[in-house]
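Trainee: This is the structure I want to talk about, given as structure tokens.
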Amino acid sequence: MSLWKLLQVSSAIRSSARSASYLGKVKYDYDLVVLGGGSAGLACAKEAVDNGARVLCFDYVKPTPVGTKWGLGGTCVNVGCIPKKLMHQASLLGEAVHEAVAYGWNVNDQNIKPDWQKLVKSVQNHIKSVNWVTRVDLRDKKVEYVNSMGAFVDPHTIEYSVKGGPKQQATAEYVVVAVGGRPRYPPILGATEFGITSDDIFSYDREPGRTLVVGAGYVGLECACFLKGLGYDPTVMVRSIVLRGFDRQMSELLEAMMSERGVQFLHTTIPSSVERQGDGRLLVKYRNTTTEKEDSDVFDTVLWAIGRKGLIEDLNLPAAGVETKNDKIVVDSTEATNVPHIFAVGDIIHGRPELSPVAILSGRLLARRLFAGSKQLMDYADVATTVFTPLEYSCVGMSEEMAIQTHGPDNIEVFHGYYKPTEFFIPRKSVRHCYLKAVAEITGDQKILGLHYIGPVAGEVIQGFAAALKSGLTVKTLLNTVGIHPTTAEEFTRLSITKRSGRDPTPASCCS
Ligand SMILES: Cc1cc2nc3c(=O)[nH]c(=O)nc-3n(C[C@H](O)[C@H](O)[C@H](O)COP(=O)(O)OP(=O)(O)OC[C@H]3O[C@@H](n4cnc5c(N)ncnc54)[C@H](O)[C@@H]3O)c2cc1C
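For the working numbering, add 18 to where a residue sits in the sequence shown, where the first one is 1.
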């Protein structure tokens, strides 16, 4: 049977189901329609089906201005966490090869270089395998998947069209909006013609070369760092501060670590235009907003990392009456919008952490509440996160500033220390930025409000501490915990110096 015939038949079945609804048998085509097949949407759809719901999930990726597109699974799998971690790993391996010489390995060619095209191919092959597994998983779980944009016609009806075919409609008792976001482009000359974003870099078919990364959020810093580690020459353009929203001291340390490794920074600077020169390279004009000085430089690649916008524009939300705020959807603690049967989860929600595990857990919990009688709400507090720079930064809980703002400076104690990872000694790696701190209440057993760590494998270190912090970890318990030696995570169990004491937090040796 041809695809069109199949579509017509399935459409006929649905419209007969719809007419049946008016006879009082089945009210809607589906119990749940999910808009968006990323971390949040897929988790929600699969959990709903597991709990007996009839689910239809839409996912569609609009190509970027330079034509990059990808498969099912959303940002994390295709153009986010996964390819980013793989490129990060590739760049760490370059560093490790050089360290290996100090450890006695005979590495004959010290001028080793990565093969960008080969790296991109390996990364893309992995992504394609994940896309495939995701599709098979949906089929096995009996989640109906349609590769199309979905938009509201009314609060219970979604309109879509497959591969430019006729418009079709599906109705559902509940609708979950999980459409995520996409990178922003600055409104300047040449931005979309000549610039790329994180949506393009992981499948970029030519070497990035000298790259201007515009934006100093975690995506910008991570991209700049893996490019540096792979032997390219990145410059980060910072409008105001690096890592807005993160702990200031840790962010500044991270920037210093990047500078030490040769990443350039252009501070208080914004771009004005991008033009392609005769030699194919990109002339970027920019302005320092402190000095008002205008300047320009030439790059091979310009990567915009100036933030992401929620994808509400194609949803026709006014037809459903859903409230939005700054291109995001406003929800309550049950992820319900102002329209009670329409929910939103993941990056599209206003004012919640934009992280894949947050999207997954909130999607799953929502499905359980809708179809399994659960009452459990998503807890958005104390979500751990990691910035994947060469020394990684991971944290959970409050920044020092937030703790001071919330509890007052006299009610906070900050325990801190620099440390020397054992494995750094032989290759003589810089330990200047290996630092950690615990932000705690000053009284009683000193409940810990935030933990911050810069060093190797930061995400692995902080993940376990995140569970402890969520369970009410105190400084007393932390210091009563016997460390695993020799690790860097054990440094948390040895935090004895407070900032207030003014004592030097630099250790004499690795085991002091
Ligand atoms: C470079 C980068 C690195 C990241 N690294 C990390 C990390 O290390 N750790 C981490 O936890 N998070 C990371 N994130 C964030 C993470 O990727 C997101 O938080 C997560 O993907 C959000 O999931 P989501 O389901 O809300 O949205 P998405 O994954 O974006 O999925 C939404 C899907 O819906 C589709 N869609 C949009 N509109 C419609 C429509 N109208 N109809 C049908 N489909 C539609 C979209 O094309 C997309 O496929 C990173 C993000 C980026 C950009």
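C-beta atoms are modelled at their ideal positions from N, C-alpha and C, and glycine is treated no differently.
This structure is a prediction, so every number in the text was calculated from the model and none was measured.
Assign M255 to one of three DSSP states: helix, strand, or coil.
Mentor: Strand, per DSSP.
Trainee: Candidates S448, G435, V500, Q142: which alpha carbon is nearest H470's?
Mentor: Answer by Cα proximity: G435.
Trainee: Look at the alpha carbon of V256 and the alpha carbon of H285, and state the distance between them as a whole number of angstroms.
Mentor: When rounded, the distance between both Cα atoms is 5 Å.
Trainee: For the beta strand (DSSP E) containing N306, list its first residue and its last residue.
Mentor: That run of the beta strand (DSSP E) goes 300-306.
Trainee: Does at least one heavy atom of ligand 1 sit under 7 Å from the Cβ of I480?
Mentor: Flag unset: Cβ of I480 not near ligand 1.
Trainee: So what does R294 bridge to, in DSSP terms?
Mentor: Note: R294 sits in a beta bridge opposite L300.
Trainee: Examine the Cβ distances between the region 124-144 and the region 169-184 and report whether three or more of them are shorter than 8 Å.
Mentor: Not touching, per the Cβ criterion.
Trainee: Taking the DSSP output, what are the residues bridged to C413?
Mentor: According to DSSP, which records beta bridges pairwise, C413 is partnered with T403, H470.
Trainee: Less than 8 Å between the C-beta atoms of A421 and Q481, yes or no?
Mentor: No.
Trainee: Out of I430, I330, K494, L409, which one is the CA nearest neighbour of F170?
Mentor: Checked all of I430, I330, K494, L409; the closest Cα to F170 is I330.
Trainee: Can you tell me whether DSSP reads Q531 as helix, strand or coil?
Mentor: Residue 531 cannot be examined here, being either before or after the span of the chain that is shown, 19 to 530.
Trainee: On the three-state DSSP scale, how would you describe Y236?
Mentor: Residue state, collapsed to three classes: helix.
Trainee: Just the Cα atoms here: how many angstroms apart are R370 and S351?
Mentor: Answer to the nearest angstrom: the Cα atoms are 11 Å apart.
Trainee: Between the alpha carbons of Y40 and L333, how many angstroms are there, rounded?
Mentor: Reliability fails at Y40, whose pLDDT of 38 lies under 50, so the model's placement of it is uncertain and the value that follows must be treated cautiously. C-alpha separation (whole angstroms): 26 Å.
Trainee: Please go through the region 70-145 and give each complete alpha helix (DSSP H) segment of 4 or more residues, from N-terminal end onward.
Mentor: Entirely contained in the region 70-145, the alpha helix (DSSP H) runs reaching 4 residues are, in chain order, 92-97, 99-120.
Trainee: Return yes when the C-beta of P375 is under 7 Å from any heavy atom of ligand 1, and no when it is not.
Mentor: Flag set: Cβ of P375 near ligand 1.
Trainee: May I ask whether a heavy atom of ligand 1 can be found less than 7 Å away from the beta carbon of L379?
Mentor: Checking every heavy atom of ligand 1 against the Cβ of L379, none is found closer than 7 Å.
Trainee: Below 8 Å, can you find three or more Cβ-Cβ pairs linking the region 442-457 to the region 415-434?
Mentor: They touch, by the three-pair rule.
Trainee: With distances taken from CA atoms, which of K102, A114, I444, V164 is nearest V79?
Mentor: Cα-wise, what sits closest to V79 is V164.
Trainee: Closer than 7 Å to a non-hydrogen atom of ligand 1 - does that hold for the CB of E410?
Mentor: No, the beta carbon of E410 sits no closer than 7 Å to any heavy atom of ligand 1.
Trainee: When burial is assigned at 16 or more other CB atoms within 10 Å of the CB, is T499 buried or exposed?
Mentor: By the neighbour-count rule (16 or more Cβ atoms within 10 Å), T499 is not buried but exposed.
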